[in-house]
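In my numbering, the protein residues as written are -8 to 116.
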Amino acid sequence: MEDVEMQPIFIYESCIVVKMAAFSNSICDHIKTWISTFAQNLYKETIAKQNNIMDTMNKMNEYLDMWPQTISDLKNILTNIHEIREMSMKTEFRMLAIIENYRILDFIQKQIRYKQRQFLNCGQI
-8 MEDVEMQPIF IYESCIVVKM AAFSNSICDH IKTWISTFAQ NLYKETIAKQ NNIMDTMNKM
52 NEYLDMWPQT ISDLKNILTN IHEIREMSMK TEFRMLAIIE NYRILDFIQK QIRYKQRQFL
112 NCGQI
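Next comes the structure, spelled out in structure tokens:
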């Protein structure tokens, strides 16, 4: 509370503006830290999911290397092809969701920078 009371006060026609640059910087730093932590967690989660998908695809690929000797072998191979197709569709949807999350993060960062500039410049008119 003392930090707020010690800030310079600018009086305009219809309002009183308290310039709190130090306070706003600490809030912005906290938000930037939160956003970067969220981005790092998103990146780690993406890598973990990608590695899991690659392991599964490699196991399924082993089935596709053999020639079918019986009808059940052919059925297994066709089932694997179907599962690989489904996994590729799910992976594509996950990648689109990840891209959307990064777009949201970028939007939030731009809004924070805009609000920060607006807040810091409010007393300098």
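In this text, a Cβ means the ideal position worked out from N, Cα and C, and glycines have one as well.
Out of the options, state which residue places its alpha-carbon closest to the alpha-carbon of residue i.
i, options, result
"lysine 81", "Glu53, His21, Met48", "Met48"
"methionine 51", "Thr61, Asp20, Ile72", "Ile72"
"alanine 30", "Arg94, Phe84, Leu69", "Arg94"
Beta carbon of residue i, beta carbon of residue j: below 8 Å?
i, j, result
"isoleucine 22", "leucine 96", "no"
"isoleucine 89", "leucine 55", "no"
"isoleucine 44", "methionine 86", "no"
Using the three-state DSSP reduction, which class does residue i fall into: helix, strand or coil?
i, result
"threonine 61", "coil"
"aspartate 56", "coil"
"isoleucine 116", "Since pLDDT at isoleucine 116 reaches only 47, below the 50 mark, its modelled position is unreliable, and no value is offered."
Taking buried to mean at least 16 other C-beta atoms within 10 Å of its own C-beta, is residue i buried or exposed?
i, result
"aspartate 64", "exposed"
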